[in-house]
Structure formats: C-alpha cells, structure tokens
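Asks:
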Amino acid sequence: MSSGGTATIWTADFSLGGRYLAVAGKDRFIRLFKVLTTDDERMDQQMHDSQQVPASKSYPAPVFLSIPIKEFKGHSGEILTLSWSKNDFLLSGSTDKTVRLWHPSQLNCLRVFQHNKTVTSVSFHPTDDRFFLSGSFDATLRLWNIPRTSIIHSLPVADIITAVAFAPDGKVAICGTFNGTCVFLNTEGLTERNRLSIRFSETNSSACFKITGLQTSNPSDSFETPGQARLMITANDSRVRIYRLSDYGLETTLEGIKNQSSQIHARFNDTGDYALCGSEGDEVHIWHLGSGERKVPYERFHTHSEVVTNAIMAPIATRQLVDLTKDPIYELCDSCASGLNDLLDTLHYLYLWILTFFSPSLPSVVFFIRDLILFISIFDPAPLPDSLPMMFLVHRDDAGADDGFSLYHYHPSIAAAVIVALVFIGITILHFWQLIQKRCWFMIPLATGGILEVIGYAARAKSGQESPNWTLGPYIIQAIFLLVAPALYAASIYMELGRIIVMVEGESRSLIPLKWLTKMFIIGDLVSFFLQAGGGGYQSSGTLEALDNGAKVIIGGLFVQLVFFGLFIVVAVAFNWSINTSPTGRSHVVPWKKHMYVLYAGSVLIMVRSIFRAVEYLQGSDGYILKHEAYLYVFDAILMVLVMVLFSWYHPAEILAIILQRGNDNGMKLGFVPAMHHRLTSDV
C-alpha cells in the first residue's frame with residue numbers, strides 16, 4: 002500500500018466501522034484506503050502484488066486495496082488532524098485555517114468550517130455526530146453544529162490548543178495546550194470542570210511540556226471495572242500518562258518513546274488493554290496495560306528509517322472484515338472461536354424471531370422488530386446509530402450545492418401524529434375487544450397491525466418534539482412500523498376470503514384450491530413483511546450504501562405485496578362472478594355479498610396505499626412525496642384507519658357464526674362442530 006507520494010504523513014486513522022484507513026499530511030491530500038472485504042478483492046490484490054514483487058520473495062497477505070479509493074482535494078495547507086464519525090464521515094483540520102467534512106461515497110467536500118488560525122485538532126462527538134470539537138492556534142475551543150455549519154459554544158483558553166477529545170459519554174470536552182495544561186469542560190456550555198498541568202515532575206512547578214495527543218477509553222470495553230473511563234495524554238517530555246476521568250487521578254506513566262518536538266500521540270486499542278505509540282526514533286512501542294504489573298511492560302520494534310509520526314491498531318471491526326476474505330495471517334493467529342460466536346449469535350436471533358413473531362402481545366412485536374434489526378446488523382458491521390446519522394448531509398442538488406438534507410424535509414406535525422395515534426388506539430382496543438368477545442382469531446394480524454400504527458405515529462410525535470434536531474431512534478421506529486403494518490392487515494383479509502368461500506359452499510368455484518388459497522397468500526404476505534421490515538432494518542445501520550440498498554429491498558417487498566394483492570383480487574373477483582352467474586344453494590341465504598364488498602374495499606385501500614409507498618421509495622430521498630407530510634396522512638394514515646373501521650363495523654365474526662351454525666345443523670351428532678370451530682378460528 003502506498004500513500005501515493007513521498008510527502009510526510011502527519012495523521013492517519015481507521016474509520017470506526019473498520020472499513021477505511023484515511024492518511025493525510027504535508028501534500029494537502031487525504032487518501033482513503035479500503036480494507037479488503039471479499040475473496041475476489043483479495044485474489045485481485047494478491048495478483049497485483051505478485052506482479053510488483055518477484056515470486057520468490059512474495060508472501061502476500063494484503064489488508065488494503067493498494068490504490069486509494071478516494072483522494073480528497075480541497076485543503077490549501079498541510080493537514081494535521083483527522084477524525085471519523087460512527088457513520089463514516091471524516092473531518093480534517095489544516096494549516097489553511099479550515100475544517101472540512103468528507104464521506105467515502107462523495108468526492109467533493111460536504112462542509113467547510115472556517116477558523117481564524119491553523120487548526121491543530123478535531124474530534125467528532127462520540128454519541129451524536131452532528132457535533133464536533135476543534136482547537137486551533139487562536140487559543141479558542143469551539144463546539145460546532147455540522148448541519149447548521151455554525152458554532153454552538155466557544156471558549157478562549159489563553160493558550161494555543163494542541164489536542165482535543167471527548168469523554169466516552171460525550172458529556173465532557175477536553176483540550177490540551179502548548180504549555181501543558183489539560184482543561185476539562187462540560188460539553189453543554191463549555192463550562193470548566195477541572196484542569197491538570199503536565200510537568201516533568203509532579204513536584205517541579207517550572208517545567209511544562211506541550212500536550213501532543215489526547216485519547217479516552219470506552220469503559221464498557223476496558224479491562225477495568227465499568228465506569229472507570231480513562232484519558233491518555235501524550236506530551237513532549239517523552240512520556241504518556243493515563244488518568245482516571247472519575248477523579249482525575251494519575252493511574253500510570255508509560256515511558257520508552259522519544260517525543261521532544263513532534264506531534265506524536267499514543268492510542269488505545271479497542272479494548273483498552275494496550276497502548277501504542279510511535280517515536281522520533283524509528284520504533285513503535287506497545288504497552289500491555291492489563292498486565293497488572295506495577296511497571297507497565299512494553300515491547301518495541303523497528304518500522305521505518307525516519308520518525309514514526311503515527312502508529313494505530315486496527316479496530317476489531319477491521320479484523321472481522323479481513324476474516325471474511327480468508328486472510329492467511331489472520332487464520333493462523335485466530336482460533337475458530339470468532340466464527341462460532343457469530344454462528345451462536347445468528348442462532349440466538351433466529352430463536353428470538355420464532356419466539357416473538359407468533360405472540361400477538363405488544364412487547365413481542367416491539368422485540369421482534371428490534372431483533373430483526375439486530376440480526377441484520379450481524380451481516381453489516383456498520384454500527385447501529387442512535388442519533389441523527391450524518392449520512393443525510395451527503396445529498397447535493399443538480400448544481401452541486403449543499404442541500405441541507407436531513408431525516409425529514411419538514412417539521413413533523415405533533416398534533417397530526419397524536420390525533421392519528423389516538424384514533425388508532427381507539428380502533429385497536431375495539432378490535433381486541435371484538436377479538437375476545439367473538440373469538441375470531443384470524444383477525445389477530447389486523448389488530449396487531451393497529452398496535453404497530455400506534456407505535457409508529459407515537460414515534461412521529463416524538464420526532465416532532467425533537468425538531469429540528471431529530472434522533473434516529475424515533476425516525477426508524479415510525480418508518481418501519483408504518484411500513485409493515487398493512488402487511489398484517491392483508492393477512493386477515495386473505496384468510497377472510499377462504500371463510501366466505503366456505504360460508505357459501507363454493508369451494509369448487511375458487512381458482513385456487515381452498516386448502517392452498519390461504520397458505521399461498523399468507524406466504525406471499527410474510528415475504529413482503531420480512532422484505533419491508535428487513536429493508537428498514539438494513540437502512541438503520543446508518544451508511545449511504547445501506548440507505549440505498551435498504552430502499553431497494555423495501556421496494557421489492559412492496560412489489561411482492563402488490564403482485565400478491567393483485568392476484569388475490571383476481572381470485573376474489575373470479576369467485577364472485579362465478580357465484581353470481583351460477584349461485585350455490587347457500588349463496589341465497591347468507592350475506593356473502595356484503596362481506597365481499599368490504600373485502601374489496603379493504604383490498605383497494607391497501608392496494609392504493611402500497612402503490613403510494615412504492616412511488617415514494619422509487620422517487621428517492623429527495624422525491625416530491627417525502628417533502629410533503631400531508632401525503633403520508635392522506636394516502637397512508639387515513640386509508641389504514643378506514644380499513645380498520647370497515648372490518649370493525651362489518652366484522653367477519655358473522656361469517657364464522659354462519660359456518661358454525663351450518664355445522665351445528667348438519668354435523669353435531671358426528672362431533673363435527675368442535676373440529677371445524679378449531680380449524681376456522683385458530684388458522685392465524
């Protein structure tokens with residue numbers, strides 16, 4: 002792998018998802034290298050490497066594609082600092098007095114944040130990547146809002162800022178200065194909490210050293226007890242110090258490196274068990290922090306003939322990606338435990354699917370959707386974001402200008418969402434009451450769909466409260482739940498047709514044999530349900546690729562629903578026409594037409610709604626429909642309310658009563674009624 006030139010590399014960093022390595026420095030370019038993720042990529046890269054090196058000396062085990070997948074151009078000065086967000090957005094700070102925002106899917110810069118002097122350090126907020134910290138030569142710490150390209154808070158610190166970081170929970174902002182002061186501030190308001198002075202000796206009040214790097218460890222991943230978050234400070238006295246954030250106490254001092262004038266800084270590994278740092282010599286040092294020994298042991302090895310400006314450990318996510326390509330080094334070093342754990346995780350989520358899907362209770366539905374998303378995330382290593390994903394800044398209009406794109410193109414109406422949610426609550430309660438009173442169990446899917454509608458519109462109301470600083474959780478909940486609810490309505494409608502056919506004794510008039518009729522359409526409905534829910538779950542991983550691919554899966558699910566609904570209407574109309582032209586003996590005495598009309602009405606309402614949703618997704622994220630909230634209520638909410646009202650007013654329990662009465666008249670002596678009752682009421 003080549004950086005593409007001979008210029009000094011000042012900074013390098015892995016993306017949090019482990020897929021990319023960004024390097025930058027003196028030549029003003031940011032080069033993005035992609036980790037190999039498939040066997041084909043590995044084979045192509047090995048072939049490329051073998052052509053560069055004689056076969057007798059070639060033992061290829063590449064980790065990256067050797068050619069950068071992107072070269073970001075835009076800075077006019079040397080690039081000193083990089084920071085990744087959890088959604089694969091990248092910030093860069095430069096001597097040209099700017100911070101720039103990038104994404105691997107885009108070649109051009111997405112945002113520019115102007116400063117007064119050289120920017121020395123930037124850091125994304127760890128839990129909400131709408132925000133980042135920057136420090137510069139003008140001795141001012143700034144907290145930025147990315148969507149608005151504006152400063153939320155700023156604080157003069159009376160010294161050149163050389164490093165910035167956040168505590169793992171994002172509630173504390175930290176900055177280090179040229180004269181060795183480390184300042185701890187509340188992120189909200191940038192009010193000071195505490196400060197430390199980095200000195201060669203704790204008793205020496207005169208010698209202070211420039212802080213060259215700050216990094217915090219995640220307490221949940223640390224070898225220490227939960228809550229013991231730590232801060233690692235690298236300084237120009239050739240020492241690395243680790244402090245406890247809980248009481249600002251010094252935990253240990255790491256020695257061995259040479260760092261007297263460079264901006265070298267140490268890094269934790271993912272678990273916090275090791276620290277790694279370059280040196281002004283040609284060495285890299287690794288300390289084993291979890292050894293438990295008073296004097297922390299370390300190893301060192303030679304890597305270059307010049308100063309080692311950066312040394313970083315690949316995150317666990319990178320190892321998982323490399324493992325998928327059958328990397329020979331990885332396979333030799335790692336046991337089969339990793340693969341076994343993934344298999345067990347997969348089986349666990351499959352078990353939860355089966356366990357929760359067949360229970361109609363509200364918690365089961367919620368946990369089912371949650372586990373569906375978690376299951377999908379096993380196959381997509383990108384983290385599941387819990388805040389507004391910065392992917393929505395990537396959209397650009399035809400002129401190439403930033404569009405300010407976000408989760409919603411409008412402020413979601415709290416009043417509309419609350420009113421619709423209350424309406425669905427009332428109708429859903431009525432349906433469950435009718436379910437219990439009439440024991441018409443095949444209506445369970447429709448009633449459960451009402452629960453999903455309630456949760457979906459409650460989530461929209463929550464988004465309305467958060468406007469315009471939306472978080473991803475409510476958005477994803479409303480998107481998935483409102484998307485899949487009509488598939489449950491359809492399941493009950495499919496089962497009702499079979500019972501109408503039995504009621505009029507018209508089994509021979511159905512285009513599809515009765516024993517296959519319900520099963521076939523329910524299977525199609527389940528396929529549609531899982532595709533739509535799965536597409537929404539895949540989108541929640543928070544990457545641009547996931548957004549695009551998830552939308553395609555959702556469109557596929559909607560088209561499956563439309564195809565099966567179209568076929569269902571054809572079967573229903575053919576049956577209706579057959580009974581009208583050649584009535585059965587029962588068709589004159591039972592109210593089958595009324596229920597067929599209700600079935601048609603419900604089917605048309607769901608069909609119109611599904612067409613609307615398909616058009617919505619086909620238009621894409623910048624489509625006309627997504628920019629006007631009213632369409633959601635007109636072509637989804639109102640139509641689905643009408644479906645539930647129709648099937649409550651003309652409840653199909655009447656069909657069951659007629660069928661059971663016929664069984665009571667003709668088959669009581671043979672014990673036919675209990676068997677028929679069980680079959681007709683339990684087929685869910």
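For any residue, its number in this note's numbering is found by taking its place in the sequence shown, counting from 1, and adding 1.
By construction, the Cβ of each residue, glycine as well, lies at the ideal position given by its N, Cα and C atoms.
None of these values were measured; they are calculated from a predicted model.
1. Which residue wins for smallest C-alpha separation from R320, given the options V36, V642, Q479 and D139?
2. Per DSSP, which one or two residues make a beta bridge with C183?
3. Where do the ends of the alpha helix (DSSP H) carrying H692 lie?
4. My assumption, with CB atoms under 8 Å, is that I70 sits in contact with R29. Please give the rounded CB distance.
5. Where P316 and T178 are concerned, what is the direct C-alpha to C-alpha distance, given to the nearest angstrom?
6. How is R510 classed by DSSP in three states: helix, strand or coil?
7. For N550, which of helix, strand or coil comes out of DSSP?
8. Does the segment 438–445 come within contact of the segment 408–416, defined as at least 3 CB pairs closer than 8 Å?
9. Excluding the five sequence neighbours on either side, which residues of its own chain have a C-beta within less than 6 Å of the C-beta of L559, listed in chain order?
10. Is the segment 618–632 close to the segment 592–600, with three or more CB pairs under 8 Å?
11. If I follow the unbroken alpha helix (DSSP H) through A602, where does it start and stop?
12. List in chain order: all unbroken alpha helix (DSSP H) runs of 4+ residues lying wholly within the segment 85–113.
13. Rounded to the nearest angstrom, what separates I199 and Y21 at their Cα positions?
14. Could you say if the segment 125–133 and the segment 259–272 meet the contact criterion of at least three C-beta pairs nearer than 8 Å?
15. Along the chain, where does the alpha helix (DSSP H) containing F138 start, and where does it finish?
16. Between T99 and V120, how many whole angstroms is the CB-CB distance? I'm expecting something under 8 Å.
17. With distances taken Cα to Cα, identify the nearest neighbour of M496 among I445, F530 and L606.
18. Relative to the C-alpha of G499, which residue among A488, P487 and L512 is closest?
19. My output table needs one value for H286: the three-state DSSP class, helix, strand or coil.
20. Take F302 and list the residues in its own chain whose beta-carbon comes closer than 7 Å to its own, dropping the five residues that flank it on each side.
21. DSSP three-state call for K439: helix, strand or coil?
22. State the beta-bridge partners of W145 as determined by DSSP.
23. Mind checking whether T310 and G282 have CB atoms under 8 Å apart?
24. With DSSP as the reference, label Q261 as helix, strand or coil.
25. Regarding L640 and the ligand SAM, is the C-beta to nearest heavy atom distance less than 7 Å?
26. Considering only the beta carbon of each residue, do A418 and Y458 sit closer than 8 Å?
27. Decide if the segment 103–115 is in contact with the segment 138–154; the criterion is three or more beta carbon pairs, one per stretch, under 8 Å apart.
28. In this structure, does DSSP put Q216 in helix, strand or coil?
29. Beta carbon of R196, beta carbon of C183: below 8 Å?
30. Can you tell me where the alpha helix (DSSP H) with E281 in it begins and where it stops?
31. Find out if the Cβ-Cβ distance for the pair D130, N88 is shorter than 8 Å.
32. Run through the DSSP bridge pairs and tell me what E655 is partnered with.
33. Tell me, to the nearest whole angstrom, how far the beta carbon of L647 is from that of V572; I am working on the premise that it is less than 8 Å.
Replies: The answer reads as follows:
1. In the sequence shown, residue 320 corresponds to position 319, counting from 1. When only C-alpha atoms are compared, the closest one is V36.
2. Here residue 183 corresponds to residue number 182 of the sequence shown, with the count starting at 1. Beta bridge pairing from DSSP links C183 with G177 and L197.
3. There is no way to answer for residue 692, as the model of the chain reaches only from 2 to 685.
4. If you number the sequence shown from 1, residue 70 lands on position 69. If you number the sequence shown from 1, residue 29 lands on position 28. With 8 Å as the limit, I70 and R29 do not qualify as a contact, their Cβ atoms being about 19 Å apart.
5. Translated into positions along the sequence shown, residue 316 becomes position 315. Translated into positions along the sequence shown, residue 178 becomes position 177. P316 and T178: Cα-Cα distance of roughly 28 Å.
6. One-based indexing of the sequence shown puts residue 510 at position 509. It is helical.
7. For the purposes of this step, residue 550 is taken as residue 549 along the sequence shown, with counting starting at 1. Shown here, N550 sits in a helix according to DSSP, grouped into three states.
8. no
9. In the sequence shown, residue 559 corresponds to position 558, counting from 1. Taken in chain order, the residues that qualify are S611, R614 and A615.
10. Using a Cβ-Cβ distance cut-off of 8 Å, the segment 618–632 and the segment 592–600 are not in contact, since fewer than three pairs of beta carbons, one from each stretch, lie closer than that value.
11. If you number the sequence shown from 1, residue 602 lands on position 601. Per DSSP, A602 belongs to the alpha helix (DSSP H) from W593 to Q620.
12. none
13. Counting from 1 along the sequence shown, the entry for residue 199 is found at position 198. Counting from 1 along the sequence shown, the entry for residue 21 is found at position 20. Distance between the alpha carbons of I199 and Y21: 34 Å.
14. Short answer: they don't touch.
15. Position 137 of the sequence shown holds residue 138. From DSSP, F138 is part of no alpha helix (DSSP H); its letter is neither H nor E.
16. The count along the sequence shown starts at 1 and reaches residue 99 at position 98. The count along the sequence shown starts at 1 and reaches residue 120 at position 119. So it is a contact: roughly 7 Å between Cβ atoms.
17. As a working note, residue 496 is residue 495 in the sequence shown. Of the candidates I445, F530 and L606, the one whose C-alpha sits nearest the C-alpha of M496 is I445.
18. The residue you call residue 499 lines up with position 498 of the sequence shown. The shortest C-alpha separation from G499 is found at L512.
19. Sequence index remark: in the sequence shown, residue 286 carries index 285 (1-based). Here H286 sits in strand by DSSP.
20. Along the sequence shown, one-based indexing puts residue 302 at 301. E284 and V285, listed in sequence order.
21. The sequence position of residue 439 within the sequence shown is 438, counting from 1. Note: K439 maps to helix in three-state DSSP.
22. As a first step, residue 145 must be located in the sequence shown, where it is residue number 144. Its beta-bridge partners are F133 and I152.
23. As a first step, residue 310 is located in the sequence shown; it is residue number 309 there, counting from the start. As a first step, residue 282 is located in the sequence shown; it is residue number 281 there, counting from the start. Cβ atoms of T310 and G282: not closer than 8 Å.
24. Taking the first residue of the sequence shown as 1, we reach residue 261 at position 260. If DSSP states are grouped into helix, strand and coil, Q261 belongs with coil.
25. For the structure depicted, the ligand SAM is absent and the ligand set is empty, with no information on it obtainable.
26. Locating residue 418 in the sequence shown gives position 417, where the first residue counts as 1. Locating residue 458 in the sequence shown gives position 457, where the first residue counts as 1. With respect to the 8 Å criterion, A418 and Y458 are classified as neighbours on the basis of their beta carbons.
27. yes
28. Start at 1 with the first residue of the sequence shown, and residue 216 comes out as number 215. Looking at Q216 - three-state DSSP - the assignment turns out to be strand.
29. Stepping through the sequence shown from its first residue, residue 196 is reached at position 195. Stepping through the sequence shown from its first residue, residue 183 is reached at position 182. The answer is yes: Cβ separation under 8 Å.
30. Here residue 281 corresponds to residue number 280 of the sequence shown, with the count starting at 1. Run containing E281: none; DSSP gives neither H nor E here.
31. In the sequence shown, residue 130 corresponds to position 129, counting from 1. In the sequence shown, residue 88 corresponds to position 87, counting from 1. Yes, Cβ-Cβ distance for D130 and N88 is below 8 Å.
32. Against the sequence shown, residue 655 aligns to sequence position 654. None; E655 has no bridge partner.
33. To locate residue 647, count along the sequence shown from 1; it is residue 646. To locate residue 572, count along the sequence shown from 1; it is residue 571. At roughly 20 Å, the Cβ-Cβ gap does not stay under 8 Å, so L647 and V572 are not in contact.
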